[in-house]
Every structure is written in structure tokens, then in C-alpha cells.
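Enquirer: Dropping a structure here in C-alpha cells format, bear with me for questions.
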Amino acid sequence: MKLIGFLSFLALPLAFAASNDGKSKLVSLAASGNGVIRLDASTFDLLTSPSRDWSASIHFTALDKRRRCVPCKEFDPAWNDVAKAWATVPVKERDNHFFATLDFDEAPTVFQKLNLASAPVVWVYNPTEGPRASAKNAPSKYDFSNGFEAEPLAFHLSNHTPIPIPYKAPIDWVRWITFISGLLGFALVLRFIAPVLQSRWTWAVITILTSLTMTGGFMFTRIRGSPYTGSDGSWIAGGYQNQFGQEVQVVALIYGTLAFSVVMLTMIVPYQTSPARQRLQVYLWSGVLMLVYSVLVTLFRVKNRGYPFKLLL
């Protein structure tokens, strides 16, 4: 028994040396891969060895074109950005957590062993030895509910690293250039259309068109969710409590034409200097007024067959 205990005592330095050799190899692989270790079956077993004083974030993916994994290609840049950010931390902390990527075509047996049927997947393995050792042996899985962005990924993985990952989102120059260009374009357009916007006639036209649209029943159809036309293509809905979207346009046009005829008769015709022209316009606008009003009355009769009034039509 004493001999067995003595031999076990002698084996401790050998195990410690083997552990240091494995960690040194991982440090070298991470440095050569710009912060990301490219795994195969053997290096995966080394990175996830049962006796380890380091933690590891492993990205399982399938980037080969034959796999047609669009999410894998979308997530890969974010993963590499977070790994590069971790590569900038001091060596003391950096060498206690590793970022690694395992592609399906480089180690399909690992996918089979872990029962992984989809990608991308991110697992975090906590240390089993040392001050950061975790009682939980099973790896934790990253939830992609926040999308494929790098910032939420760095925030999540910082819960498992010795120090928070110093990730900073890069400046989105395209977004800023687009915003500034749009702002300058808007200012330029505003400079040219400012006289139009300041004109009382512009706001008068807007006010009149809005009034006619609302008078035609626009809000009535919007609140009730009325269709634009009937299922049979008709644009007039029967009954006073029903109305189609196209009917709003027709009613607004009728009211607008009636109002315009009255305005012409009261504000334009009296100021005509030629008696013949004045007489002609009186006949013209009076005829338009009578005809369009007849159309309005006819519309009421179509909506309700019991409507008793009639004008010309």
C-alpha cells in the first residue's frame, strides 16, 4: 500500500507537466489563429479534457458551401470579432479562457458524439479545477434569441471569462454617412420647397382636400376596415351604414365639384367684364351644379331604394 501511495505521489508532477503542455499548445494555437483555435477531433478533446483549469467558448458551425448554412455565415463575423476583442486582454486572463471554432466537415464525429443536428451552436465549458472550477460539468449553451450580433454574445460570454470581454461595437460608417447625406438632402430640398410650404394657397389646398376626404367618409371606412370594393367589383355598398373605400373617392369628388361650382358662381362670375362671357359662365356653372347634384341624389337612391327624391337623373 505504501508503494502504491508513493507511486501516485510521483505521478502528480507528470500529470501537472502534461496539463501545462496541453495548455501551452492551446495558447499557441490561439495565437496563430488570431484569437480563435481551429479545432479538430483531437484538439477538441484536449480543449475539453476532464482535468482543466481553463474555460472555453466553442463555436460549432458548418461554413462549407455544400452545407448551405446561411445562419452560420451570418454569425461567423460576430464570433470572430468577440474572439479578437478577448485576444487584447492581458496574458494572465487571456490564457485562462479560449475561443475555438469547430467546423462540421473538420470533425463530424464530434457533432455525432454531442448529438448536434444544427448549426451555429455556441457552448461554454467551465474549468473543472482551480479557483474558477464549477460544480456544473455540462457545458452551457448560448441562446440566439438576441440574434447574431456580437454585442449580446460578448455580454453573455463575459459571465464565464476571468474578466469581462472588452468588446466595443465598431463605428457604423455606412449608417452615419447615410444619415448625414439624408440630412443634407432634406435641408437642400427644404430650401427649395420652403416658399411652397410658406404659401397660404398650399395649406388651403391641403385643408380643402383633407376636408373633402373626411366628408366623403374616409374615417368611417378606416374604423370599420371596409374593403376598397365589393366582392363582385361593385363600389357602392347598399344601406347608409355601409360604405366601400372607392365610394369615399367618388363622394369626395362630387362634394368638391359642387363646392367649386358655388365658388365660381359667387366669386368669379360676378367680376366678369364681358356680359356675354358672364352669361355663358352662369349657364355653365349652374348646369354643372344641377347635374352633379342630380348624381348625388341618384347615389342616395342607389344606396337606399326607398329614397323618395329625384332631380334630373
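Take the sequence shown: its letter number 4 is residue 1028 in the working numbering, and every next letter is one higher.
The beta-carbon is built from N, C-alpha and C at its ideal position, and this holds for glycine as well.
I'd like to check one pair, A1109 with I1189: are the Cβ atoms closer than 8 Å?
Expert: yes
Enquirer: What residues match up with L1126 in a beta bridge as DSSP calls it?
Expert: F1084
Enquirer: Please work out which residues of its chain come closer than 7 Å, Cβ to Cβ, to V1326, disregarding the five sequence neighbours upstream and downstream, and give them in chain order.
Expert: I1260
Enquirer: For T1322, I'd like the list of residues in its chain whose CB is within less than 7 Å of its CB, leaving aside the five on either flank, ordered along the chain.
Expert: L1337
Enquirer: Just list the residues that DSSP pairs S1164 with in beta bridges.
Expert: V1148
Enquirer: Hey, out of F1084, G1263 and T1185, whose CA is closest to A1157's CA?
Expert: T1185
Enquirer: Just the C-alpha distance for E1130 and N1120, rounded to the nearest angstrom, thanks.
Expert: Cα to Cα, the separation comes out at about 25 Å.
Enquirer: The alpha helix (DSSP H) spanning I1189 covers which residue range?
Expert: Taken as a continuous stretch (DSSP letters only), I1189 belongs to no alpha helix (DSSP H), as it is neither H nor E.
Enquirer: What are the start and end residues of the alpha helix (DSSP H) that includes R1303?
Expert: P1299 to K1327
Enquirer: Where do the ends of the beta strand (DSSP E) carrying I1061 lie?
Expert: V1060 to R1062
Enquirer: Could you pull the start and end residues of the alpha helix (DSSP H) that R1248 belongs to?
Expert: DSSP places R1248 inside the alpha helix (DSSP H), whose first and last residues are F1242 to R1248.
Enquirer: Contact check, A1065 vs T1133 under 8 Å by CB: the rounded distance?
Expert: Under the criterion of beta carbons closer than 8 Å, A1065 and T1133 qualify as touching, at roughly 6 Å.
Enquirer: I need the DSSP call for S987, collapsed to helix, strand or coil.
Expert: With the chain represented from 1025 up to 1337, any question about residue 987 goes unanswered, as that position is not in the structure.
Enquirer: Where does the unbroken alpha helix (DSSP H) through H1180 begin, and where does it stop?
Expert: A1174 to L1181
Enquirer: Can you list, in chain order, the residues of its chain whose CB lies under 8 Å from that of G1269, leaving out five sequence neighbours each side?
Expert: T1245, S1250, P1251, Y1252 and T1253
Enquirer: Does the Cβ-Cβ distance between F1123 and A1107 come in under 8 Å?
Expert: yes
Enquirer: Which term fits N1058, buried or exposed, when burial requires 16 or more other beta carbons within 10 angstroms of its beta carbon?
Expert: exposed
Enquirer: For Y1149 and S1079, which I take to be in contact (beta-carbon distance under 8 Å), what is that distance rounded to the nearest angstrom?
Expert: Yes, they are in contact, since the Cβ atoms of Y1149 and S1079 sit about 6 Å apart, within 8 Å.
Enquirer: How long is the line joining the alpha carbons of N1104 and W1227, rounded to whole angstroms?
Expert: 55 Å
Enquirer: If you draw a straight line from the C-alpha of P1299 to the C-alpha of Y1279, how long is it?
Expert: CA-CA distance, P1299 to Y1279, rounds to 29 Å.
Enquirer: Please report how far the alpha carbon of T1237 lies from the alpha carbon of L1277, in whole angstroms.
Expert: 9 Å
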